[in-house]
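Trainee: Counting in the working numbering, the sequence shown runs from 851 upward without gaps.
All C-beta atoms in this analysis are idealised placements derived from N, C-alpha and C, irrespective of residue type, glycine included.
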Amino acid sequence: MKKLNYKQFLEKLNISLDYTYLLDKDTISKLDKNKEAFINNLLLVPNVSDKSRDDLLKKTIENELSKEDINSISTKIENIFSNFDNSINDLKVKIREYSKFIIKYLRNDKIENLFKENSTNIDFIFYIIYSKYSEPFSTDYSDNVKYKEVVEFINILNKLNLIKKDNIYYNDLLLYKLISLKHSDGSFTHLSNQNTMHELCKIAQNLFGFEYTKIYTLIECKLVSKDIEGFIEIFNKHFEIMKKWDIVQLLDIFELVVYSKNEHIYNSVNELLLSKDIKMLKGNEKDIYNFLLAVKKEDKLKVDEYIKKLDQNGVYNFAHYNFFKNYGI
851 MKKLNYKQFL EKLNISLDYT YLLDKDTISK LDKNKEAFIN NLLLVPNVSD KSRDDLLKKT
911 IENELSKEDI NSISTKIENI FSNFDNSIND LKVKIREYSK FIIKYLRNDK IENLFKENST
971 NIDFIFYIIY SKYSEPFSTD YSDNVKYKEV VEFINILNKL NLIKKDNIYY NDLLLYKLIS
1031 LKHSDGSFTH LSNQNTMHEL CKIAQNLFGF EYTKIYTLIE CKLVSKDIEG FIEIFNKHFE
1091 IMKKWDIVQL LDIFELVVYS KNEHIYNSVN ELLLSKDIKM LKGNEKDIYN FLLAVKKEDK
1151 LKVDEYIKKL DQNGVYNFAH YNFFKNYGI
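#1: Considering just the uninterrupted stretch of the alpha helix (DSSP H) at S1034, what are its terminal residues?
#2: Quick check on V1098: buried or exposed, where buried means 16 or more other Cβ atoms within 10 Å of its Cβ?
#3: Would you grab the beta carbon distance between I1069 and N1112 for me? Rounded to a whole angstrom, and I think it's under 8 angstroms.
#4: Which of the three DSSP states is assigned to Y983 in this structure?
#5: For V1153, which residues in the same chain have their Cβ closer than 8 angstroms to its Cβ, ignoring the five residues on either side in sequence?
#6: Which of the three DSSP states is assigned to T870 in this structure?
#7: Please look up how many angstroms separate the CB atoms of R957 and L872, rounded, as I've assumed it's under 8 angstroms.
#8: Who are the near neighbours of K852 in its chain, counting only those whose CB is closer than 8 angstroms to its CB and skipping five residues on each side?
#9: With D1102 and Y1139 assumed to form a contact (beta carbons below 8 angstroms), what rounded beta-carbon distance in angstroms separates them?
#10: When DSSP labels each residue in this structure, what does E1070 get in the three-state scheme?
#11: Can you tell me the Cα-Cα spacing of E1121 and S937, whole angstroms?
#12: Using only alpha-carbon positions, find the residue among L893, Y1156 and F888 that is nearest to N921.
#13: Is F1058 helix, strand or coil when you go by DSSP?
#14: For my contact list, D935 and K862 are in at a C-beta cut-off of 8 angstroms; report their separation, rounded to the angstrom.
#15: Give me, in chain order, the residues of the same chain whose beta-carbon lies closer than 6 angstroms to that of L907; leave out the 5 immediate sequence neighbours on both sides.
#16: If you follow the alpha helix (DSSP H) that G1080 is part of, which residue opens it and which one closes it?
#17: Count the other CB atoms within 10 Å of the CB of V995; is the residue buried (16 or more) or exposed (fewer)?
#18: For R957, report the span of its alpha helix (DSSP H) as first-last.
#19: Taking the alpha helix (DSSP H) that N864 belongs to, which residues open and close that run?
#20: In whole angstroms, give me the CA-to-CA distance for D900 and N891.
#21: Which of the three DSSP states is assigned to E1155 in this structure?
#22: For S949 and Y977, I'd like the C-alpha separation in whole angstroms.
#23: On the DSSP letters alone, give me the boundaries of the alpha helix (DSSP H) that D1201 sits inside.
#24: Please classify K1132: does DSSP put it in a helix, a strand, or coil?
#25: List the endpoints of the continuous alpha helix (DSSP H) containing N891.
#26: Within its chain, find whatever has a CB closer than 8 angstroms to the CB of M1047; leave out the 5 residues flanking it on each side and keep chain order.
Here it is in structure tokens:
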């Protein structure tokens, strides 16, 4: 098996990348330029623990590694590059998996330059954004921050005009931005931000597929703008699709319908929920349904009772209720 160093590995993936995209200026200033090849190998190799990586970088900066140490470590690193390369045959999958690894080390202030340098490798650029969007929740890294960064990355991509509407990734990026805009400033704060709502409405109109997300957002847009005629039009246009949805998805729509105060549409969705045996269920879905019925009937005692119950269980977000209860639709 042929060993690969970082340069040979990245050339196979057609990725332009070096350690300067991963480190701040202060750390870079402390590095010995004669050891750049080793530093690139060390920082760009996949599937190495953060502790090992950080410890070796610290020792490199402090000149604690002998020439023999560097040679030995380099051999191990080249084996890791080779093993990673040989473990995946498909190039796009290889780029995706490498992007998942490297995303946690990339500096956000270097993303625009990274995209420029890799403008001919759209797969890599997309998978960098995909990897950021797909990052799991971390206790020291909030989802809000993650979603803000996704929006920033996509805005940079749009600024550079690198992905056109006919690109296979265009629609996925629309979805990532729509979801990220809704969560980047905290759950549902987009409702009171006119600029964000305008952008969300525009994205939803252009989104292909992802029917639940598209329809839900369009209905939400019409309610926030108090465009009840538009709300009715969107609902009627997509009602046949909604009939196929599960109870959880229908409850999300039912909530918006309750706040619309449109009796005909309310009855249509309520009948649909009843046909799916909503009253036979036990647990959260039935409690949410009963809460929304109480809101519709303006039964304050019942509303307060279910707010307390749902809040204790932590299963419901009251952002729409708080936004629309005095909105005057």
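Mentor: In this structure, then:
#1: That residue, S1034, is in no alpha helix (DSSP H); it is neither H nor E in DSSP.
#2: exposed
#3: In fact, because the Cβ distance is near 11 angstroms, the residues do not count as touching under 8 angstroms.
#4: Residue state, collapsed to three classes: helix.
#5: Closer than 8 angstroms at the Cβ level, and outside the excluded window around V1153, lie F1141, A1144 and V1145.
#6: helix
#7: 6 angstroms between Cβ atoms; contact.
#8: S932
#9: D1102 to Y1139, Cβ: 12 angstroms. No contact.
#10: helix
#11: E1121 and S937 have their alpha carbons spaced roughly 53 angstroms apart.
#12: F888
#13: coil
#14: Sure, about 7 angstroms apart at Cβ, within 8 angstroms.
#15: The answer is none, since no qualifying residue turns up.
#16: For G1080, the uninterrupted alpha helix (DSSP H) run begins and ends at I1078 to M1092, by DSSP.
#17: exposed
#18: That residue, R957, is in no alpha helix (DSSP H); it is neither H nor E in DSSP.
#19: Per DSSP, N864 belongs to no alpha helix (DSSP H) and is neither H nor E.
#20: 14 angstroms
#21: Per DSSP, reduced to three states, the secondary structure at E1155 is helical.
#22: 6 angstroms
#23: Summary: the structure shown does not reach residue 1201, with the chain confined to residues 851 through 1179, and so no result is reported for it.
#24: coil
#25: It spans E886 to L894 - the alpha helix (DSSP H) in which N891 sits, taken as one unbroken run.
#26: The residues H1040, L1041, C1071, V1074 and S1075, in chain order, have a CB closer than 8 angstroms to that of M1047 in the same chain once the five nearest residues on each side in sequence are set aside.
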